[in-house]
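Have a look at the structure below before the remarks.
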Amino acid sequence: MNFVPIVLYPISELSLKHEQFHKMHMLRRDKKEEEEGGGNPFYNLEKSSVLQEARTFNETPINPRKCGHILTKIHIYIIQGENIGTREATEAFFAMTKLFQSNDPILRRLVYLGIKEMSKIAQDVIIVTSSLMKDMTAKDDQFRGPAIRALCSITDSTMLQSIERYMKQAIVDKAHSVSSAALVSSLHLSKGSQEITKRWVNEAQEAVSSDNIMVQYHALGLLYHIRKYDRLAVTKLVTKFSKHSLKSPYAYCLLIRIASKLMEEEGAGTDSPMFDFIENCLRHKSEIVIYEAAHAIVNLKNTSAKELASAVPVLQLFCSSPKPTLRFAAIRTLNKVAMKHPAAVTACNLELENLITDTNRSIATLAITTLLKTGNESSVDRLMKQISSFMNEISDEFKIVVVQAIQSLCLKFPRKHNVLMNFLSSMLRDEGGFDYKKAIVDSIIIIIEENPEAKEAGLAHLCEFIEDCEHNVLATRILHLLGREGPRTPTPSKYIRFIYNRVILENAAVRAAAVSALAKFGAHCEELLPSCVVLLERCLLDTDDEVRDRATFYVNVLKQKQKALNSAYILNGLQVSVIGLERALHNYTLEPSETPFDMKTVPLETQPIAEQKTVVREPGDSAAKSSEKVVASRQDIYAEQLAAIPELANIGSLFKSSSLPVELTESETEYMVQCIKHTFGNYMVFQFDCTNTLNDQVLENVTVHMEPSEGFTILRQVPCPSLPYNKPGTTYTLARLPEDPTLVTGTFNCTLKFVVKDCDPNTGEPDDEGYEDEYVLEDVEVSVGDHVQKVMKPNFGASWEEVGPENELEDTYALSTMKTLEDAVKNIIQFMGMQPCERSDKVPEGKSSHTLYLAGVYRGGHDALVRAKLVVTDSGVNMQLTVRSTDPHVSEVLATAIG
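In short: position in the sequence shown from 1, add 1087, done, that's our numbering.
Right, dumping it as structure tokens:
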């Protein structure tokens, strides 16, 4: 059997394959006929004419050929996404039911397809149930399978019991096509009526022993979907069939996927029997099973080089296969492995080098990019020459893979940045789409940020690119980068020309970005200030109001010549949530007040749930590129949820929510509780997300009783009314913060209290009055980081001068438990809860000293900055900590936090 790594369709898709083939067969035109001018008879269909022709179905006698042609038009019209009204669809559907009088096999199969398509839009489709049940039990096997699929598409949970007996018989039918159709239809039905399909387990188990490979595959899939919410049952399923010899390679592949998912959920390692089963599949006689097993092993979470030892040699062997599909599958998987474990793939370098000259350019591209990730520094120049020989012959999708490989190589060998950056620059000048150009720009920016020595060369390449850049998004991003990094280069004046050219030559969006970049040069470089002001004044008469407003604002700020103003309004800017600012301003307008609007009441900008990004998939993936839009930050969503609770009203604006929930129970216990801490100006709300894992109990009036630490006061609790089995619920506890501004940390002892009621596991209805019970939880810690919100300061030096030395505190600490600078930096950031600036969280290799810059806003809206100078000594790491803040109490809290 030829190996095709992408033919393993999901269970839900396989049911449509032979029907789609039939439709394609009906639509296929002979090439010679097209050349003779036959054309496509289904091009530019009109709904009115198609539905008018459907009246032919009522004629007697029935003309199968003519009616089949009309039905095909209706199918194509629906498949194209055109809308048909409910009334029109119902009329066409009832006319179509007359065609059951004909026994023509092609027409009957088209009728089945029509029922499936029309069932979504027409009314009273249930009228054909008796006709379909008759065909379902007929002697003609070519009618039975499609009839089962059509019947299940119109059957709801109320009717399912009436056909249950027929479905059970069809599942174990001797005709393989009928059995397969029944199994796949049962899978679709289980999504809405799982309780009924659970009763078909015995028949599905019997079908697994079928000699037909597809029936076996579908039966195993149905068994898994019936039991997938019962981890123990799924484990038994894998254990049972891993010991029995399955004939279907597709069933083995499904079993491997189930086993790897179980390992992922349980966090199991190589000592798991599931891993032993997957590893044994590497010695299977079917190539598709061998590849699936190797693919599963390399994709396990936290896979070590030792675990890869069994999978990589198999993929290495596939690289020498005469089959292009095998070579492509192997090299694509090795390419993924090389991202995390390049050393494990080094043994395959000889086979990879042989694939560079492969006639299939997709394989050659993946081979060269894998070599880039696994090769040594001396081979970089040779590999670059080989890449350039065929770059023009491959698609943008594969060019992006090459770009990403060059980026990782440049980070791996910083001294080779000149060669690699020049190659990326030449790619920028070539033809290509937006995604391709964006990938190159992203790579150059990452290299600039990671390697200071590559900054000037990278900025020069980007400056040349924006001279002819036709993508506004890329141009504005590069201008933003120039404004941030350009002023801190040895010769910042050389970038002014490129920026001002954008003001003269580009559209409004790019001109506005160029004005902002010019202002940053003037704010940071005193010697360039007069020139920048002159250039900005020329923009005051711009035709676009955004450009004029920006120029007017920046000119007036720069003319003040105050570093604090430059830092606050140009170099660093506002760090507020846009959604939070909009909500705060709206509330302020609803309640007019003489008190000026206070920016400190606006929530700070936090990490959004979904960043706007383009997901570029691996070459060969059928899925298209997709993008996600920013919707709202976690904190914005929490703020709306808390504001909707009456008991928590009038406690002020939400300042911060903890980024990760704290687990207060073990994952295997009967009750699972997580805590999320919400900090307000004078209060703290503890959100407890609870889950009841016992199916024979219902918990009511669920609360968490907290023993307050020193200075904290528990004010009230918001109970969760009911906690049924496996349905999460939430309870809240409100605490007042200590009046002493320097007392901010504490420990709370927690106990889950509730009323237990026994219930029927099937219905969930309680059958007694219940009794009070409690469950001891882990303690909840309140740390300094819970009172500090992270903010990014692009120019830390300007912010340091802006805050000033008025409330500065300094102290020295010996961090004896930390032996390396990396450990010290990681622990300080985590404990302080502040944002590292200017990439100071990255410690250069081989350094014995380092300076960490942290920025944040303390509860109450007070700016806070930390400078930690770290030195490695024989006894550990010594730290000189300097804190600046706009409030003396904040400086004291942060300065004494480590001690």
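C-beta atoms are modelled at their ideal positions from N, C-alpha and C, and glycine is treated no differently.
Excluding sequence positions up to five away, which residues of its chain have a Cβ less than 8 Å from the Cβ of residue i?
i, result
"L1830", "E1797, G1798"
"R1598", "R1589, V1590, C1626, D1629, D1631, V1634"
"M1426", "K1460, S1495"
"G1963", "A1901, L1902, S1903, T1904, M1905, K1906"
"S1978", "N1894, E1895, L1896, A1951, V1970, R1971, S1972"
Quick check on the DSSP output: the alpha helix (DSSP H) that includes residue i runs from which residue to which?
i, result
"I1732", "Element bounds for I1732: n/a, residue is neither H nor E."
"E1351", "1336-1353"
"Q1491", "1483-1499"
"V1259", "Premise fails: V1259 is in no alpha helix (DSSP H) and is neither H nor E."
"E1379", "1374-1385"
Reducing DSSP to helix, strand and coil, say where residue i ends up.
i, result
"I1985", "coil"
"N1170", "coil"
"F1799", "coil"
"Y1770", "strand"
"I1208", "coil"
"L1511", "helix"
"Q1229", "helix"
"R1971", "strand"
"L1830", "coil"
"I1844", "One detail in the question is off: residue 1844 reads as Lys in this sequence, not Ile. In the structure shown, K1844 sits in a strand (DSSP, three-state: E or B)."
"Q1804", "strand"
"A1398", "helix"
"M1759", "strand"
"H1976", "helix"
"C1837", "strand"
"M1966", "strand"
"Q1662", "coil"
"S1415", "One detail in the question is off: residue 1415 reads as Phe in this sequence, not Ser. F1415 falls in the helix class under three-state DSSP."
"T1778", "strand"
"A1822", "strand"
"P1923", "strand"
"E1438", "helix"
"D1587", "According to the sequence provided, residue 1587 is Tyr. The question's Asp does not apply to it. It is helical."
"E1893", "coil"
"Y1656", "helix"
Go to residue i, then tell me how far its beta strand (DSSP E) extends in each direction, as first and last residue.
i, result
"H1949", "1949-1960"
"Q1784", "1784-1794"
"H1937", "1936-1945"
"Y1641", "Y1641 -> not in any beta strand (DSSP E); alpha helix (DSSP H) instead, spanning 1632-1647."
"E1861", "1858-1863"
"Y1900", "1896-1902"
"Q1292", "Not the beta strand (DSSP E): Q1292 falls in the alpha helix (DSSP H), residues 1288-1295."
"Q1473", "Element bounds for Q1473: not the beta strand (DSSP E) but the alpha helix (DSSP H), 1467-1475."
Just to confirm my understanding: we take residue i, look at its own chain, exclude 5 residues before and 5 after, and list those with CB closer than 6 Å. What are they?
i, result
"A1380", "I1343, I1365, C1368, L1369"
"T1778", "M1759, P1815"
"V1785", "P1811, K1844, C1846, P1853"
"M1205", "A1176, F1180"
"G1920", "G1872, V1875"
"M1088", "Annotation note: pLDDT 37 at M1088 (below 50); position unreliable, no value reported."
"Q1967", "T1899, K1956"
"F1552", "L1515"
"P1748", "Q1761, I1763"
"L1661", "none"
Can you name, in chain order, every residue of its own chain whose Cβ lies under 7 Å from the Cβ of residue i, other than the five neighbours on each side?
i, result
"I1481", "R1448, T1452"
"L1470", "I1455, L1458, L1459, G1462"
"L1138", "E1175, A1179"
"Q1210", "T1173, T1177"
"P1923", "I1916, L1939, Y1940, L1941"
May I ask you to check if the CB of residue i is nearer than 7 Å to at least one heavy atom of the ligand ZN?
i, result
"V1490", "As for the ligand ZN, it is missing from this structure, which has no ligand bound."
Beta-carbon of residue i versus every beta-carbon of chain D: anything under 8 Å?
i, result
"I1166", "The structure shown contains no chain D; it holds only a single protein chain."
task: Determine contact between the segment 1269-1278 and the segment 1227-1242, defined as no fewer than three beta-carbon pairs at a distance below 8 Å.
output: yes
- prompt: Between the segment 1862-1876 and the segment 1930-1940, do at least 3 Cβ pairs fall closer than 8 Å?
  reply: no
message: Going residue by residue through the segment 1517-1573, where are the continuous alpha helix (DSSP H) segments of at least 4 residues, counting only ones entirely within it?
response: 1521-1537, 1542-1554, 1559-1572
query: Would the segment 1513-1526 and the segment 1554-1561 be scored as touching if the rule is three or more Cβ pairs under 8 Å?
result: yes
message: Tell me whether the segment 1858-1873 and the segment 1299-1311 touch, counting them as touching only if at least three CB pairs, one residue from each stretch, are closer than 8 Å.
response: no
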